[in-house]
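Participant: There's a structure below that I have some questions on.
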Amino acid sequence: MEAKELVDIIQKAADDKNISALYADFGEGMRYPVGYAHIEDIRNAVRIFNESHRPSYAFGYSFHWSEYFLASAFSHVHLQSRGSLDLFGATVNNLFLRSALDKYGVKAHVFKHGDYKTAPNVFTEKVYSKPHLETVKSMTASLNNTIRTCIRNSRALNFDDVMWQSISDYGSLTAVNAEEIGLVDSTPSVDPLPSLLEANKSDDAKAKLEQNTATSLVLSGLGIYPNDVSQGDKVAVVTVDGGIGRSLAYEIISSLRKIRKDKDVKCLVLRVNSPGGSVVSSEAILEEVKALEIVSLPVVCSMANYAASGGYYISTNAERIFAQPTTLTGSIGVYGIKFDASQWAKSYGIRSDYYPHGSHGATVHPLTPLTQSMKLNLDRTTLGYYDYFKSIVAKGRSLSPQQVESIAQGRVWTGEQAKEVGLVDAIGGLERAISYVKSAHTTTEKVQVEYWPKKSS
């Protein structure tokens with residue numbers, strides 16, 4: 001189940017007065033990895049349910065950092081009596097292959113513009129470089145500060161930074177420890193749902209609680225459908241999810257062209273959840289977004305877990321950009337790689353002859369060494385891409401070239417940091433972006449929200 005579906009189900013439950021409580025069983029942990037920004041979206045939906053003055057319950061056999069970040073939004077948190085609570089904080093793990101490549105005689109020649117463009121470091125470094133480590137420290141500090149603040153507010157705790165650090169350094173908290181300091185409300189030995197059902201006097205309500213799991217809510221029609229079918233003006237939400245390459249670009253461009261022909265669509269929300277990808281595919285999507293200006297269709301961007309590099313590139317033409325505090329964005333920089341495995345091949349008696357037409361024909365061939373002409377060409381090409389990337393950011397964000405250079409260089413920013421430096425306009429999730437466009441760009445009482453690309457039935 002996608003985060004958006006879960007958000008819709010919880011919001012539907014908040015609107016349904018026949019639902020008396022919200023219950024989430026975390027089991028031994030979330031089955032699928034969920035990014036921090038998506039967790040913030042779900043937390044916000046739980047908060048809305050809580051404001052309806054109905055209880056919400058979270059139960060788990062154990063909670064790790066991201067799971068507890070979500071669970072803490074519920075009004076009641078239960079941890080199994082022999083379970084543990086691991087609040088170690090946000091961590092980043094990076095792999096470095098330089099020593100392995102050296103061992104086998106493979107060279108990775110990297111051409112990058114932006115000292116903080118660290119993606120190729122996996123091939124060129126043995127440990128964190130200074131800019132890479134600086135990025136990781138800044139990013140994790142911002143993430144931890146945001147998440148700790150959310151937990152503190154949800155649980156009404158008075159923990160200061162020293163307390164949080166001591167909890168992190170302590171290690172795994174027992175259920176008893178967690179209850180003593182207010183991180184959980186109770187430590188039952190078994191799932192508390194049966195006792196909660198028993199406490200409810202209505203047999204009908206018991207039956208509803210037993211039947212209305214997230215899955216059954218979708219199947220029974222109580223959940224949300226892919227597209228809201230109410231009449232009136234339309235808002236199109238186009239989701240760019242994953243690495244940006246030819247296939248994804250084709251799908252997004254096809255959706256944008258269909259939307260452009262629909263005169264009932266009054267605004268488009270570009271929902272970006274991408275770490276980037278191909279320069280040419282990103283450019284193709286951006287140009288199609290710009291083409292919406294032909295029909296005077298405004299575009300607003302909503303960033304999810306990631307909207308970095310190419311993900312930020314395609315967002316630059318939006319009139320307003322929304323991001324969660326934990327969104328990772330920016331990474332305005334460019335790199336290219338030329339692998340040279342000629343020495344490895346030679347050691348195994350492998351010979352590769354080639355006859356290039358011109359000086360650069362063998363650039364992409366991994367068994368040919370890097371020549372000076374190749375080096376100059378790759379360096380010139382990546383610099384050109386970098387300068388153009390900065391120019392579209394400057395134009396889209398109304399920043400001077402000097403301002404862009406100071407926040408570019410491949411730096412990754414959290415949504416909170418991005419707002420401070422001018423890369424993001426407002427903090428909020430998809431629902432806030434949709435609410436904004438409904439207010440700013442629609443005129444009918446009812447607004448139909450369509451999600452693209454449309455799923456095949």
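Heads up: the sequence shown begins at 1 in the UniProt record's numbering, then just goes up one per residue.
Where a beta carbon is used, it is the ideal one built from N, C-alpha and C, also for glycine.
#1: How would you write the range of the alpha helix (DSSP H) that I285 sits in, first residue to last?
#2: What first and last residue would you give for the beta strand (DSSP E) that runs through K234?
#3: When the Cα atoms are used, what is the spatial distance from Y436 to R54?
#4: R397 and T316 look like a contact to me (Cβ under 8 Å); what is the Cβ gap, rounded to whole Å?
#5: When DSSP labels each residue in this structure, what does R411 get in the three-state scheme?
#6: Quick one: what does DSSP say I337 is sitting in, helix, strand or coil?
#7: Between which residues of its own chain and E35 is the CB-CB distance below 6 Å, once the five residues before and five after are set aside?
#8: Using only CA atoms, which one of H360, P366, G336 lies nearest to S342?
#9: Based on Cα-Cα distance, which residue from T239, K455, V184, E288 lies nearest to Y57?
#10: Hey, L328 and C301: beta-carbon distance below 9 Å or not?
#11: Could you check whether the region 39-53 touches the region 99-110, counting it as contact only if at least three pairs of C-beta atoms, one from each stretch, sit closer than 8 Å?
#12: Tell me the rounded alpha-carbon separation between E179 and I19.
#13: Buried or exposed for A100, going by 16 or more other Cβ atoms inside 10 Å?
#14: I need the boundaries of the alpha helix (DSSP H) containing I10, first residue and last residue.
#15: What's the gap between the Cα of G223 and the Cα of K4?
#16: With three or more C-beta pairs closer than 8 Å as the rule, is the region 146-154 touching the region 167-181?
#17: Per DSSP, what kind of secondary structure is I42 in: helix, strand or coil?
#18: For D262, count neighbouring C-beta atoms within 10 Å of its own C-beta (all shown protein chains included) and say buried if the count is 16 or more, exposed if not.
#19: Exposed or buried, P194, counting other C-beta atoms within 10 Å across all chains shown (16 or more means buried)?
#20: Just reading off the alpha helix (DSSP H) that N121 is part of, what are its end residues?
#21: Roughly how many angstroms separate the alpha carbons of I350 and L297, rounded to a whole number?
#22: Is the Cβ of G277 closer than 9 Å to any Cβ of chain B?
#23: From which residue to which residue does the beta strand (DSSP E) around R320 run?
#24: Count Cβ pairs between the region 243-260 and the region 7-14 that sit closer than 8 Å; are there 3 or more?
#25: Just to check my reading of the structure: F111 and D425 have Cβ atoms closer than 8 Å, yes? What is that Cβ distance to the nearest angstrom?
#26: If you measure between the beta carbons of F63 and D86, is that distance less than 9 Å?
#27: If you follow the alpha helix (DSSP H) that Q448 is part of, which residue opens it and which one closes it?
#28: Is G276 buried or exposed, if buried means 16 or more other CB atoms sit within 10 Å of its CB?
#29: Pull the bridge partners of T174 from the DSSP assignment, please.
#30: Could you please give the first and the last residue of the uninterrupted alpha helix (DSSP H) stretch that includes K130?
#31: Note down the Cα distance separating S84 from D25, rounded to an integer number of angstroms.
#32: Does the separation of the CB atoms of K290 and K266 fall below 9 Å?
#33: Does A108 come out as helix, strand or coil in the three-state DSSP assignment?
#34: If you reduce the DSSP assignment to three classes, tell me which class V272 lands in.
#35: List the DSSP bridge partners of M163.
#36: Around the Cβ of R82, are there at least 16 other Cβ atoms within 10 angstroms (buried) or fewer (exposed)?
Facilitator: Judging by the given coordinates:
#1: Taking the first residue of the sequence shown as 1, we reach residue 285 at position 285. Residues 279-290.
#2: Taking the sequence shown and counting its residues from 1, the one referred to as residue 234 is at position 234. Following the DSSP letters along the chain, one finds K234 inside the beta strand (DSSP E) bounded by residues 233-241.
#3: Taking the first residue of the sequence shown as position 1, residue 436 is located at position 436. Taking the first residue of the sequence shown as position 1, residue 54 is located at position 54. So the alpha carbons of these two residues sit roughly 27 Å apart.
#4: Translated into the one-based positions of the sequence shown, residue 397 becomes position 397. Translated into the one-based positions of the sequence shown, residue 316 becomes position 316. Indeed, because the Cβ distance is near 7 Å, the residues count as touching under 8 Å.
#5: Start at 1 with the first residue of the sequence shown, and residue 411 comes out as number 411. Three-state DSSP puts R411 in coil, outside helix and strand.
#6: Within the sequence shown, residue 337 is the residue found at index 337, counting from 1. Correct three-state label for I337: strand.
#7: Within the sequence shown, numbered from 1, the residue matching residue 35 stands at position 35. Reading off the sequence, residue 35 comes out as Gly, not Glu. Correct list, in chain order: N305.
#8: Counting from one through the sequence shown, the residue named residue 342 turns up at place 342. Minimum Cα distance to S342 is reached at P366.
#9: Here residue 57 refers to the residue found at position 57 when the sequence shown is read from its first residue. Considering only T239, K455, V184, E288, the residue with the shortest C-alpha distance to Y57 is V184.
#10: Taking the first residue of the sequence shown as position 1, residue 328 is located at position 328. Taking the first residue of the sequence shown as position 1, residue 301 is located at position 301. One thing to note: L328 has its Cβ no nearer than 9 Å to the Cβ of C301.
#11: Verdict: no, contact absent.
#12: The residue given as residue 179 occupies position 179 in the sequence shown. The residue given as residue 19 occupies position 19 in the sequence shown. Rounded to the nearest whole angstrom, the CA to CA distance from E179 to I19 is 28 Å.
#13: The count along the sequence shown starts at 1 and reaches residue 100 at position 100. With fewer than 16 Cβ atoms within 10 Å of its Cβ, A100 is classed as exposed.
#14: As a position in the sequence shown, residue 10 is number 10, starting the count at 1. Segment 3-15, the alpha helix (DSSP H) holding I10.
#15: Indexing the sequence shown from 1 puts residue 223 at position 223. Indexing the sequence shown from 1 puts residue 4 at position 4. Here the model assigns G223 a pLDDT of 43, short of 50, so the residue's position is not dependable and the matter cannot be decided.
#16: Segments in contact, no.
#17: Reading the sequence shown from its first residue, position 42 is the one you call residue 42. It is helical.
#18: Your numbering for residue 262 matches position 262 in the sequence shown. By the neighbour-count definition (other C-beta atoms within 10 Å, threshold 16), D262 is an exposed residue.
#19: One-based indexing of the sequence shown puts residue 194 at position 194. It is exposed - the Cβ of P194 has fewer than 16 other Cβ atoms within 10 Å.
#20: As a first step, residue 121 must be located in the sequence shown, where it is residue number 121. Per DSSP, the continuous alpha helix (DSSP H) segment holding N121 begins and ends at 121-124.
#21: Stepping through the sequence shown from its first residue, residue 350 is reached at position 350. Stepping through the sequence shown from its first residue, residue 297 is reached at position 297. Answer to the nearest angstrom: the Cα atoms are 57 Å apart.
#22: Absent from the structure: chain B. Only one protein chain is present.
#23: Numbered from 1 along the sequence shown, position 320 holds the residue referred to as residue 320. Following the DSSP letters along the chain, one finds R320 inside the beta strand (DSSP E) bounded by residues 320-323.
#24: Too few Cβ pairs lie closer than 8 Å, so no.
#25: Indexing the sequence shown from 1 puts residue 111 at position 111. Indexing the sequence shown from 1 puts residue 425 at position 425. With 8 Å as the limit, F111 and D425 do not qualify as a contact, their Cβ atoms being about 33 Å apart.
#26: Looking up residue 63 in the sequence shown gives position 63. Looking up residue 86 in the sequence shown gives position 86. Yes, they are a contact pair.
#27: If you number the sequence shown from 1, residue 448 lands on position 448. Premise fails: Q448 lies in the beta strand (DSSP E), 447-452, not in any alpha helix (DSSP H).
#28: One-based indexing of the sequence shown puts residue 276 at position 276. Classification for G276: buried.
#29: As a working note, residue 174 is residue 174 in the sequence shown. The beta-bridge partner set that DSSP reports for T174 consists of S84.
#30: Taking the sequence shown and counting its residues from 1, the one referred to as residue 130 is at position 130. That run of the alpha helix (DSSP H) goes 130-155.
#31: What you label residue 84 is simply residue 84 of the sequence shown in a count that begins at 1. What you label residue 25 is simply residue 25 of the sequence shown in a count that begins at 1. Their backbone Cα atoms lie some 15 Å apart in a straight line.
#32: Position 290 of the sequence shown holds residue 290. Position 266 of the sequence shown holds residue 266. With a cutoff of 9 Å on beta-carbon distance, K290 and K266 are scored as not near each other.
#33: Translated into the one-based positions of the sequence shown, residue 108 becomes position 108. Secondary structure of A108 (DSSP, three-state): strand.
#34: In the sequence shown, counting from the first residue as 1, residue 272 sits at position 272. In this structure, V272 counts as strand in the three-state DSSP scheme.
#35: By 1-based counting over the sequence shown, the position of residue 163 is 163. BP columns for M163 are empty, so no partner.
#36: Taking the sequence shown and counting its residues from 1, one reaches residue 82 at position 82. That one is exposed.
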